[in-house]
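Q:
Numbering (our numbering), first residue to last: 9 to 622.
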C-alpha cells in the first residue's frame with residue numbers, strides 16, 4: 009500500500025445502483041462497493057453484470073476501484089451459480105470481491121482479489137492472521153473494534169485493513185446474528201434480514217416484573233466516526249467505509265461529500281498520506297450529515313471505556329438535525345429558538361415526555377413564528393429536530409457537483425506541423441494529436457488569448473485544463489471552432505489512454521493448510537455447504553454442526569451476540585458502573601408472543617440474546 013513511503017488511503021462508498029455509484033464517484037469516493045446480481049448481503053440491492061461493467065469503466069477513469077459484494081452464505085446448489093457470477097464480474101473489470109463464505113476458496117476462481125466481509129466476524133488477531141495467510145487481500149474489520157484493538161491488529165498483520173466510519177449499526181457482531189432467521193425465516197447471513205432489532209420490546213426480570221415497557225431496546229444510534237479519521241489512519245486503517253447500499257442517492261452524495269472534505273483536510277496536514285484516486289471535486293452544496301437519514305449519532309466502541317449513549321431506544325426512525333428549543337406555544341402558532349432558518353414544508357420532530365417520537369410538517373413560516381400541521385403534545389422547552397430540510401433537499405436536487413482530473417496542454421512545432429499534447433502530470437499519462445495545416449497569426453497576442461481561452465473550455469469532460477503552453481517560434485491562428493474541435497479530439501484521446509492504462513491488481517488463491525484458530529466449528533461458524541466444510545477440514549478444524557440456515561435450531565443457541573449491553577445501558581453494570589439500585593439477576597426481552605433470555609459474559613464484555621425455552 010505504500011509508494012515512496014507515502015500511504016495511499018481511500019474513502020469507500022456504497023452503490024445501490026449504477027446511478028448511485030456514479031454519484032458517489034463524482035462526489036469524491038476512491039472506491040465503490042456494489043451488490044452482485046445475486047448472493048449479496050443486501051438482497052434488495054443486486055445489480056446486473058452490464059451495469060457493473062459500466063460502473064467499472066466510469067470508475068477506472070478516475071482510478072476509482074470497484075468492489076463487488078457476494079457476501080452471503082451459500083448452499084451447495086448455489087455454488088456453481090456463484091462461480092459463474094464471479095467469473096462474469098472479473099471479466100467486467102471488477103477490482104475485488106467481498107465474500108463471507110470460505111467455501112468459495114475451494115472453487116477454481118479467477119485471479120480476483122478477495123476481501124473478507126465484516127460478516128466473517130473479523131474481530132480477533134488470530135482470525136485475521138488466518139485469513140491473511142489464506143490469501144485474502146483485505147480485511148473489513150468488525151465495527152465493534154476500538155482504536156487500541158485496531159492498532160494491535162495492525163502490529164501483528166500486514167494485510168490492508170478497512171473500517172466502517174458511518175451509517176447504520178447492526179447491534180450484533182456481523183455474521184453472528186440469527187434473530188431474523190429464527191423468528192421470521194429471513195437470514196441476515198443470506199441477505200434477507202428483517203431487522204427485528206429495530207422492533208419495540210419489553211424488559212422484564214425473572215419474576216415477570218416489568219422494568220421497561222415498549223422501547224426499542226436493541227436499536228442503536230447510527231455510526232459517525234468523522235472525528236476519528238486521523239486516528240484510524242494512524243492506527244493502520246487504509247480504507248474508510250460508508251454503510252448504505254439501501255440508501256437513496258441524496259444520502260450517498262451528502263455523506264460522501266462530507267467525508268471527502270474530512271479526509272482531504274487530514275491529507276493537507278499529513279504529507280505521508282495521499283488519496284488513492286484522481287480528480288478534484290467541485291461540490292455545489294455544503295454537506296451536512298445531520299441533514300440526511302440518521303437516528304442520531306454515536307462513536308460506538310471506537311474508544312474504551314464507553315462513555316456515551318449508543319442507543320436509539322425511543323425510536324428507530326430518522327431524527328435529523330437538532331435545530332433549537334420550543335419557546336412559545338399558542339393555539340395558532342409556535343416559536344422556536346432555531347439555529348437555522350426554517351422553511352415552509354420542513355419536517356420537524358421531537359420526543360415527548362414519555363419518550364415517544366412525534367413529528368409534523370411546517371405549513372407556514374412567518375418570521376420567528378411557525379404554523380405547524382398540528383400541535384399535539386407540544387411543550388415549551390422541548391428540543392426540536394428537523395428531519396426534512398426542504399432547502400437542503402432542493403440544493404441536492406439541483407446539485408451540479410463535478411469531478412475533474414487536472415491536465416495541461418502543450419503545443420509544439422515539430423517540423424511543419426503543430427503537435428497538441430494533453431498531459432496528466434499526476435499520472436505521467438499523455439495523448440497527442442498532430443495538426444499539419446495552420447496559418448501564422450497576424451495578431452499574435454489576440455491569437456494567444458483565443459488559444460488559451462478555447463483550450464481551457466473543458467467543462468463537459470472529466471478533465472480540467474489548468475494550463476496551456478505554446479512552445480513554438482510561430483504563433484498559429486485558429487478559429488474558435490477549430491480550437492474547440494482540437495480540444496475535443498485531444499481530450500477524447502486522453503480519456504481513452506487514461507482508461508487503457510488502468511492497471512488492475514490480480515491475486516490467485518493458493519490452497520493452504522495452516523491451522524484454523526478454532527479446532528471445533530459449531531453452528532456460529534456459519535458453514536452451509538460441503539466446500540466450506542472441506543476448507544475448514546484442510547485447515548485442521550472439524551465441523552460439529554451446520555449453520556442454522558442449513559440445519560435449523562435445537563434450542564439454547566445465542567441468536568445474537570453483541571458488545572452492546574443492556575445492563576450497562578440501564579446503569580446496572582457492576583464492573584464499569586456503580587449501580588444505585590438492585591440489579592436483577594435474570595433479564596428477558598419480550599415482543600408479542602416471543603420471549604428471549606439475556607445472558608451476560610462479563611469477562612468478555614458481551615451480551616447474548618437466546619430464545620427462551622423455559
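Even glycine gets a Cβ: it sits at the ideal position worked out from N, Cα and C. Since we're looking at a predicted model, the values are computed, not measured.
Quick check: what's the CA-CA separation for residue 399 versus residue 258?
A: As a working note, residue 399 is residue 391 in the chain shown. As a working note, residue 258 is residue 250 in the chain shown. Cα to Cα, residue 399 sits roughly 13 Å from residue 258.
Q: Among 86, 16, 116 and 141, which one has its Cα closest to the Cα of residue 521?
A: Here residue 521 refers to the residue found at position 513 when the chain shown is read from its first residue. Nearest of 86, 16, 116 and 141 to residue 521, Cα basis: 141.
Q: Identify every residue that forms a DSSP beta bridge with residue 484.
A: Numbered from its first residue, the chain shown carries residue 484 at position 476. The partner list for residue 484 (beta bridge, DSSP) reads 448.
Q: Consult DSSP for residue 490 and reduce its assignment to one of helix, strand or coil.
A: The residue labelled residue 490 in the question sits at position 482 within the chain shown. If DSSP states are grouped into helix, strand and coil, residue 490 belongs with the helices.
Q: Could you check where the beta strand (DSSP E) with residue 477 kicks off and where it finishes?
A: Counted from its first residue, the chain shown places residue 477 at position 469. Residues 471-479.
Q: Under 8 Å, do residue 466 and residue 472 count as touching if we go by C-beta distance?
A: For the purposes of this step, residue 466 is taken as the residue at position 458 of the chain shown. For the purposes of this step, residue 472 is taken as the residue at position 464 of the chain shown. Yes; because the gap between Cβ atoms is below 8 Å, this pair is in contact.
Q: Quick one: residues in its chain with C-beta nearer than 7 Å to the C-beta of residue 64, no 5 flanking neighbours on either side, listed in chain order?
A: As a working mapping, residue 64 is identified with position 56 in the chain shown. Taken in chain order, the residues that qualify are 74, 100, 101 and 102.
Q: Based on the DSSP secondary-structure assignment, which residues constitute the bridge partners of residue 175?
A: Your numbering for residue 175 matches position 167 in the chain shown. DSSP output for residue 175 lists 231 as bridge partner(s).
Q: Specify the secondary structure class of residue 136 as computed by DSSP and reduced to three states.
A: For the purposes of this step, residue 136 is taken as residue 128 along the chain shown, with counting starting at 1. Three-state result, residue 136: helix.
Q: Which of helix, strand or coil does DSSP assign to residue 266?
A: Reading the chain shown from its first residue, position 258 is the one you call residue 266. If DSSP states are grouped into helix, strand and coil, residue 266 belongs with the helices.
Q: Between residue 179 and residue 344, what straight-line distance do the alpha-carbon atoms span, to the nearest angstrom?
A: As a first step, residue 179 must be located in the chain shown, where it is residue number 171. As a first step, residue 344 must be located in the chain shown, where it is residue number 336. Whole-angstrom Cα-Cα distance: 35 Å.
Q: Under the DSSP definition of a beta bridge, which residues are partnered with residue 80?
A: Locating residue 80 in the chain shown gives position 72, counting from the first residue. For residue 80, which the question treats as bridged, DSSP gives no partner whatsoever.
Q: Residue 487: buried (16+ other C-beta within 10 angstroms of its C-beta) or exposed?
A: Counting from 1 along the chain shown, the entry for residue 487 is found at position 479. Answer is exposed; the Cβ neighbour count stays below 16.
Q: With 16 as the cutoff for other CB atoms within 10 Å, does residue 87 come out buried or exposed?
A: Here residue 87 refers to the residue found at position 79 of the chain shown. Buried: at least 16 other Cβ atoms inside 10 Å.
Q: Where does residue 164 land, buried or exposed, given buried means 16+ other C-beta within 10 angstroms?
A: Indexing the chain shown from 1 puts residue 164 at position 156. That one is exposed.
Q: Taking the beta strand (DSSP E) that residue 615 falls in, what are its first and last residues?
A: What you label residue 615 is simply residue 607 of the chain shown in a count that begins at 1. Where residue 615 is concerned, the enclosing beta strand (DSSP E) stretches over 614-619.
Q: Who are the near neighbours of residue 9 in its chain, counting only those whose CB is closer than 8 Å to its CB and skipping five residues on each side?
A: For the purposes of this step, residue 9 is taken as residue 1 along the chain shown, with counting starting at 1. At residue 9 the pLDDT is 48, less than 50, meaning the model places this residue with poor confidence and gives no usable figure here.
Q: Compute the distance between the beta-carbons of residue 370 and residue 122, then report whether it is under 8 Å.
A: Position 362 of the chain shown holds residue 370. Position 114 of the chain shown holds residue 122. Taking 8 Å as the Cβ cut-off, residue 370 and residue 122 do not qualify as a contacting pair.
Q: How should residue 568 be labelled, buried or exposed, when 16 other C-beta atoms within 10 angstroms of its C-beta is the threshold for buried?
A: Translated into positions along the chain shown, residue 568 becomes position 560. With 16 or more other Cβ atoms inside 10 Å of its own Cβ, residue 568 counts as buried.
Q: Which ranges does the alpha helix (DSSP H) cover as unbroken runs of at least 4 residues, wholly within the region 109-158, from first to last along the chain?
A: The DSSP assignment places complete alpha helix (DSSP H) segments of no fewer than 4 residues inside the region 109-158 at 133-142, in order along the chain.
Q: Considering Cα atoms alone, identify which of 199, 262, 13 and 384 is closest to residue 401.
A: Sequence index remark: in the chain shown, residue 401 carries index 393 (1-based). That would be 262, whose Cα lies nearest to the Cα of residue 401.
Q: At which residue ranges does the region 286-348 contain complete beta strand (DSSP E) runs of 3 or more residues, listed in the order of the chain?
A: 288-290, 329-337 and 342-346
Q: Measure how close the beta-carbons of residue 303 and residue 194 come, nearest whole angstrom, since I'm counting them as under 8 Å.
A: Within the chain shown, numbered from 1, the residue matching residue 303 stands at position 295. Within the chain shown, numbered from 1, the residue matching residue 194 stands at position 186. Incorrect: roughly 22 Å between the Cβ atoms, too far for contact.
Q: In this structure, does DSSP put residue 72 in helix, strand or coil?
A: On the chain shown, position 64 is the one that residue 72 refers to. It is coil, neither helix nor strand.
Q: What is the DSSP secondary structure of residue 255, reduced to helix, strand or coil?
A: Position 247 of the chain shown holds residue 255. Residue 255: coil per DSSP, three-state reduction.
Q: Give me the residue from 254, 221, 234 and 260 with the minimum Cα distance to residue 248.
A: On the chain shown, position 240 is the one that residue 248 refers to. That would be 234, whose Cα lies nearest to the Cα of residue 248.
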